[in-house]
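Residue numbers (UniProt numbering): 1 to 177.
Have a look at this one:
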């Protein structure tokens, strides 16, 4: 969704700019892998912050990008799954509490951090043999349960969290990148 729209393009650009031999076929594989991972979340949980919090947007985008990057860097299927799992595991419980109800603060920085986490998750998975304790299926189910248990005020309403605890008036009508 728009709240997580920067994660995949940033990681794809990272792949294109830093990987020797990166090519159009790699871009296609990246996008297809990311799409397959995203479909698992869509079918088994949600990709909506209004439904499950920001973990369902930036967390899912991070997971998709991590698995996709791992795939184009030569990871096995088990390593790709592990990268996607790591990408979500460290976003579990992330609330959606945009200041002023606009997709700017903290959303822009969360996209940046999501991309960084995705790259690191891919690298971690590539350093392993694909064996891991937590499966992608388990982390998707955990995300669903966590999001359903999360109070509705923390799901894109701007009624709690960072949206109400910022001590100064933040000019949210100007995008600062």
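Heads up, the beta-carbon is just placed ideally off N, CA and C, and yes, glycines get one too.
Owing to the predicted nature of the structure, the values given are computational and were not obtained by experimental measurement.
Got a sec? Which residues, its chain only, sit under 6 Å from residue i by beta carbon, not counting five neighbours each side?
| i | result |
| --- | --- |
| residue 45 | 140, 143, 144 |
| residue 110 | 58 |
| residue 115 | 7, 10, 11 |
| residue 47 | 41, 56, 60 |
With respect to the alpha helix (DSSP H) encompassing residue i, which residues constitute its N-terminal and C-terminal limits?
| i | result |
| --- | --- |
| residue 108 | 107 to 127 |
| residue 64 | 58 to 72 |
| residue 99 | Premise fails: residue 99 is in no alpha helix (DSSP H) and is neither H nor E. |
| residue 142 | 136 to 149 |
| residue 20 | Where residue 20 is concerned, there is no enclosing alpha helix (DSSP H), given that its DSSP letter is neither H nor E. |
| residue 50 | 49 to 52 |
| residue 79 | 77 to 89 |
| residue 163 | 162 to 165 |
Which term fits residue i, buried or exposed, when burial requires 16 or more other beta carbons within 10 angstroms of its beta carbon?
| i | result |
| --- | --- |
| residue 138 | exposed |
| residue 131 | exposed |
| residue 20 | exposed |
| residue 183 | Outside the shown range of the chain, which is 1 to 177, sits residue 183, and nothing can be said about it. |
| residue 101 | exposed |
Using C-beta distances below 8 Å, list every residue in its chain close to residue i, excluding the 5 sequence neighbours before and after it, in chain order.
| i | result |
| --- | --- |
| residue 177 | Its pLDDT being 46, under 50, residue 177 is placed unreliably by the model, and the measurement read from it follows with that caveat. If we look at residue 177 and ignore the five residues flanking it on each side, its Cβ neighbours are 108. |
| residue 128 | 79, 82 |
Which residues in the same chain as residue i place their Cβ atom closer than 7 Å to its Cβ, once the five residues preceding and following it in sequence are excluded?
| i | result |
| --- | --- |
| residue 163 | 97, 98, 99 |
Does the distance between the C-beta of residue i and the nearest non-hydrogen atom of the ligand SAM fall short of 7 Å?
| i | result |
| --- | --- |
| residue 7 | As far as ligands go, the structure on display features none, and thus does not contain the ligand SAM. |
Report back the beta-carbon spacing between residue i and residue j to the nearest angstrom; my notes put them in contact at under 8 Å.
| i | j | result |
| --- | --- | --- |
| residue 67 | residue 126 | Going by Cβ atoms, the distance from residue 67 to residue 126 rounds to 11 Å, so no, they are not a contact pair. |
| residue 88 | residue 70 | Going by Cβ atoms, the distance from residue 88 to residue 70 rounds to 13 Å, so no, they are not a contact pair. |
### Query
Any chance the region 47 to 62 sits against the region 90 to 102, with 3 or more Cβ pairs inside 8 Å?
yes
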